[in-house]
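According to this note's numbering, the sequence shown is numbered sequentially starting from 37.
Ideal Cβ placement from N, Cα and C applies to all residues, glycine included.
Small disclaimer: the values here were computed from a predicted structure and weren't measured.
Following: one structure in C-alpha cells, then a few remarks.
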Amino acid sequence: MSLLTRNPTGTDLLAEINRLRKERNGVILAHYYQTPDIQDIADFVGDSLELSRKAAATDADVIAFCGVKFMADTAKILSPQKTVILPDMDAGCSLEDSCPPEKFRAFREAHPDHIALTYINCSTEVKALSDVIVTSSSAETILAQIPPEQKIIFGPDRHLGGYLSRKFNREMLLWPGVCIVHEAFSETELLKLKEQYPGAPIAAHPECPPTIIDHADYVGSTSGILAFAKDFEGDTLIVATEPHIIHQMEKALPNKHFIGAPGADGNCSCNICPYMALNTMEKLYVALRDLQPQIVIEEGIRLKAKRSLDRMLEMASGTVGMGDLGKVHFSGD
Numbered sequence: 037m038s039l040l041t042r043n044p045t046g047t048d049l050l051a052e053i054n055r056l057r058k059e060r061n062g063v064i065l066a067h068y069y070q071t072p073d074i075q076d077i078a079d080f081v082g083d084s085l086e087l088s089r090k091a092a093a094t095d096a097d098v099i100a101f102c103g104v105k106f107m108a109d110t111a112k113i114l115s116p117q118k119t120v121i122l123p124d125m126d127a128g129c130s131l132e133d134s135c136p137p138e139k140f141r142a143f144r145e146a147h148p149d150h151i152a153l154t155y156i157n158c159s160t161e162v163k164a165l166s167d168v169i170v171t172s173s174s175a176e177t178i179l180a181q182i183p184p185e186q187k188i189i190f191g192p193d194r195h196l197g198g199y200l201s202r203k204f205n206r207e208m209l210l211w212p213g214v215c216i217v218h219e220a221f222s223e224t225e226l227l228k229l230k231e232q233y234p235g236a237p238i239a240a241h242p243e244c245p246p247t248i249i250d251h252a253d254y255v256g257s258t259s260g261i262l263a264f265a266k267d268f269e270g271d272t273l274i275v276a277t278e279p280h281i282i283h284q285m286e287k288a289l290p291n292k293h294f295i296g297a298p299g300a301d302g303n304c305s306c307n308i309c310p311y312m313a314l315n316t317m318e319k320l321y322v323a324l325r326d327l328q329p330q331i332v333i334e335e336g337i338r339l340k341a342k343r344s345l346d347r348m349l350e351m352a353s354g355t356v357g358m359g360d361l362g363k364v365h366f367s368g369d
C-alpha cells in the first residue's frame with residue numbers, strides 16, 4: 037500500500053473521523069461495551085435501544101453504530117430513512133446466533149397458546165415473529181401487564197428469562213440461549229474477590245447465570261448498573277458485566293474504585309465481548325468514508341419488527357434505558 041492510500045492513524049485518524057462525521061451529517065453511537073477510544077469519540081454512549089431512539093430523534097443522515105449487528109438493525113428499524121452503517125458486519129451476538137428465525141417460528145407454532153416476549157438481543161426476523169420486545173430495563177414493567185393466566189415464551193436469553201421467572205414467580209417457556217460474555221463469570225472467583233474486598237457490593241447484569249445473580253446486591257441493565265454505581269454507599273464496586281462499561285464509571289466517578297468480576301481463569305480477559313471488539317477506530321473511519329457496510333432491511337420485515345418494538349414502547353416507555361430491575365427480591369425470600 038502506498039503512502040498516498042494508507043489510512044490515517046493517531047490524531048490524523050481522529051481528525052478524519054470528525055471531518056467525515058460532519059461531511060456526512062452523521063452521528064456516531066457507541067455501546068457501553070465498546071473500547072474507550074470509540075466511546076470517547078461517540079456522540080452518544082448508552083444501551084442499544086436508548087442509542088437507536090436518540091439517533092432517530094436527530095436530523096442526522098447517517099448513523100454509525102459502534103455495537104453489534106442487532107443494534108444497528110434496530111437503529112434501521114426505527115430510522116428507515118437514514119443510512120445506518122456498522123464498522124464490522126461480523127460483529128454479531130451469541131444470543132442472536134442461538135435463535136435462528138426458522139427454528140423460532142417452529143417453536144412458536146408448536147405453542148400457539150403462548151405469546152412471545154423476546155429480548156431485544158435477537159435478529160430483525162425474530163423481532164418480526166414476536167409479540168413484544170423487551171429490554172433488561174423494561175421487562176419487569178411489561179411482564180406486570182400480562183395477565184397471569186397468559187402463557188409466555190421468553191427468548192432468546194434463558195438467564196434473563198429465568199431471573200424474571202424467579203423474581204416474579206411467573207412460569208415461562210424459555211428459549212435456551214445465553215450470552216457468552218455473561219456466561220463466562222465464575223462464582224468461585226467472584227467469592228474470592230468478595231473476600232478480598234469485604235463489604236463491596238456486586239452489581240450484575242441479568243444475562244448472568246443464577247450462580248452470579250444470587251450474590252448480587254443489584255441486578256439491572258447497563259444503564260441501571262451505571263446509576264447504581266453513582267448511588268451506592270462506599271468506594272468499591274464489583275461489576276459483573278462486560279468490563280468496558282467501567283470506562284464510563286471511572287469518567288463519572290473518579291473517586292470510586294470499580295472492579296470487573298472475574299472469569300474462570302481469575303481475570304476479566306474472557307469477559308470482553310469478542311463481537312464488540314471487532315469494531316475499531318480504523319474500521320469506523322472506513323465505514324464513514326465508504327458508507328459501508330450498510331444495514332439493509334426488507335420493508336415488510338422491518339414493519340413487523342417495528343410493531344413488536346412499538347408495543348414495548350407503548351407498555352413501558354418510561355422505563356426503557358432506565359435500568360429499573362433494582363435489587364433482587366425473589367418470592368419466598
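GLY235, buried or exposed, once every other Cβ within 10 Å from all chains shown has been counted against 16: exposed
Considering only C-alpha positions, which residue in the set CYS135, GLU318, PHE268 and VAL217 is nearest to CYS244? VAL217
(Q) Taking only three categories from DSSP, how would you classify ASP149? (A) coil
Exercise for review: Within the same chain, show all residues whose beta-carbon is closer than 7 Å to that of ASP124, passing over the 5 residues directly before and after it, in chain order.
Suggested key: LEU314, ASN315 and LYS319
message = Taking the beta carbon of SER353 as the centre, do at least 16 other beta carbons fall within 10 Å, making it buried, or is it exposed?
response = exposed
* Any chance the stretch 144-163 sits against the stretch 180-194, with 3 or more Cβ pairs inside 8 Å? -> yes
* **Distance CB(ALA297)-CB(PHE221) smaller than 8 Å** => yes
Next item on the list: Keeping to the same chain, check which residues put their C-beta closer than 7 Å to that of SER115; ignore five residues upstream and five downstream.
Entry: ALA91, ALA92 and ILE99
Please report the Cβ distance between LEU65 and GLY103, rounded to the nearest whole angstrom; I am assuming they are in contact, meaning their Cβ atoms lie under 8 Å. 7 Å
Does the structure place the stretch 277-288 close enough to the stretch 248-264 that three or more beta carbon pairs sit under 8 Å? yes
Practice problem: Please report how far the alpha carbon of TYR68 lies from the alpha carbon of HIS150, in whole angstroms. | Solution: 33 Å
Looking only at its chain, what residues have a beta carbon closer than 6 Å to the beta carbon of THR272, apart from the 5 residues adjacent to it on each side?
TYR233, ALA236 and HIS293
Exercise. Within the same chain, show all residues whose beta-carbon is closer than 7 Å to that of GLU219, passing over the 5 residues directly before and after it, in chain order.
Key: PRO245
- Query: So, is GLU132 buried or exposed, given that buried needs 16 or more other C-beta atoms within 10 angstroms?
  - Reply: buried
Checklist entry - Is it true that the CB of ASN61 sits closer than 8 Å to the CB of ALA96? => result yes
Report task. Determine the extent of the beta strand (DSSP E) in which GLY336 is found, giving its start and end residues. Result -> Careful: GLY336 lies outside any beta strand (DSSP E), inside the alpha helix (DSSP H) at 335-352.
Name the DSSP bridge partner or partners of ALA239? TYR254 and VAL275
(Q) Quick check: the Cα distance between PRO136 and VAL162, rounded to an integer number of angstroms? (A) 8 Å
Item checked: ALA175 - DSSP class collapsed to helix/strand/coil -> helix
ask   = Is it right to say THR177 is buried, meaning 16 or more other beta carbons lie within 10 angstroms of its own, or is it exposed?
value = buried
Report task. Tell me whether the beta-carbon of VAL168 lies closer than 8 Å to the beta-carbon of MET312. Result -> no
ask   = Grouping DSSP H, G and I as helix and E and B as strand, with all else coil, what is ASP360?
value = With a pLDDT of 32 at ASP360, under the threshold of 50, the predicted position of this residue should be treated as unreliable, and no value is reported.
Quiz prompt | Burial state of TYR195 (16 or more Cβ within 10 Å) | solution = The amino acid occupying residue 195 in the given sequence is His; Tyr does not appear at that position. Per the 10 Å Cβ criterion, buried.
Determine, using beta carbons only, whether SER84 and SER173 come nearer to each other than 8 Å. no
| said: By DSSP's criteria, THR119 is part of a beta bridge. Which residues make up the other side? | reply: VAL98
Item to complete: Could you name the residues of the same chain whose beta carbon sits closer than 8 Å to that of ARG42, not counting the 5 residues immediately before and after it, in chain order?
Response: none
### Query
Which residues in the same chain have their Cβ closer than 7 Å to the Cβ of LYS340, if we skip the five residues on either side of it in sequence?
ALA164
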